[in-house]
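J.: No gaps in the numbering here: position 16 of the sequence shown is 12 in my numbering, and each next residue is one more.
The C-beta atom is built at its ideal place from N, Cα and C for all residues, glycine as well.
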Amino acid sequence: MIAFALTNFILLGFYLFIYIGPRVKGGVSLYMQIYLITTLILWLLLYLQEKKLIFKNFNNKNYKSRLSIYLLLNILNGYNIPFLASSGYVFYFSGSRDDAKDYWFILLGLICISFLGLFLFCFSNFEMFGNKKNNFISFMGLLIILLSIIVMLHVSFIVPVESEENRTIWMGVIALLCAHLMVGRVLFYLSVLIFDIKEEGLQIN
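#1: With a floor of 4 residues, list each alpha helix (DSSP H) that falls wholly inside the stretch 111 to 181, ordered by position along the chain.
#2: Does Q45 pass the burial test, meaning 16 or more other C-beta atoms within 10 Å, or should it be called exposed?
#3: K246: which of F10, F111, Q29 and L42 sits nearest, CA to CA?
#4: My understanding is that V151 touches I165, with C-beta atoms under 8 Å, so please give their C-beta distance in whole angstroms.
#5: What's the C-alpha gap between S90 and S25?
#6: If you count every other CB in all the chains shown that lies within 10 Å of the CB of S92, and 16 or more means buried, which is it?
#7: Can you give, in chain order, each stretch of the alpha helix (DSSP H) that sits fully within the stretch 37 to 90 and has at least 4 residues?
#8: Tell me whether the beta-carbon of M136 lies closer than 8 Å to the beta-carbon of G168.
#9: Classify I37 as buried or exposed, calling it buried when 16 or more other Cβ atoms lie within 10 Å of its own Cβ.
#10: Quick one: grab the DSSP three-state call for G9.
#11: For Y185, does the count of other Cβ atoms within 10 angstroms reach 16, so buried, or fall short, so exposed?
#12: If we ignore side chains and look at the alpha-carbon of each, how far apart do L189 and S159 end up?
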């Protein structure tokens, strides 16, 4: 979904504004530079995929690999949006505070856990792989999502700040909810595709 790529691109513009305007504290750390370059690569790959410039010629021989690549790029770009938004705090302090990296990994872990919750919810409700709906799994998925968001908000209140830099983490929470909606839609369409393929008599291993 090209909206993922465009949103990532807009957020990179926000990072540029921080760098030129308020200026980062102590420069940009190497790990943040690598992360931003990786974000650009992910954005470019998704954009090229949506424009059918790469990973094209979809057919019954390569549909599994193409579908896997499509899902992977959409999920990575989708959840990179809340990570990129919330990492604005880390970007600002990465060159001046040693604990900035710790908070960065905490935010990454919370976003990954939140995605796990969404996957469990979708796995149960969309019956993606021939499984039956399980209310307990659905409940656990929603609970994981809720707890990860609560902890993420808690982190935003305990991080050291100078001038409300923690607001970028609040932006990340909002972006995470939006990412859940967009990725949830992708997983729903995946379940529909799997159902249609099986209706045609094909086997998905």
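T.: Put simply:
#1: 131 to 154
#2: buried
#3: A question about residue 246 goes unanswered here, because the residues of the chain that appear run from -3 up to 201.
#4: 6 Å
#5: 5 Å
#6: exposed
#7: 59 to 82 and 84 to 89
#8: no
#9: exposed
#10: helix
#11: exposed
#12: 48 Å
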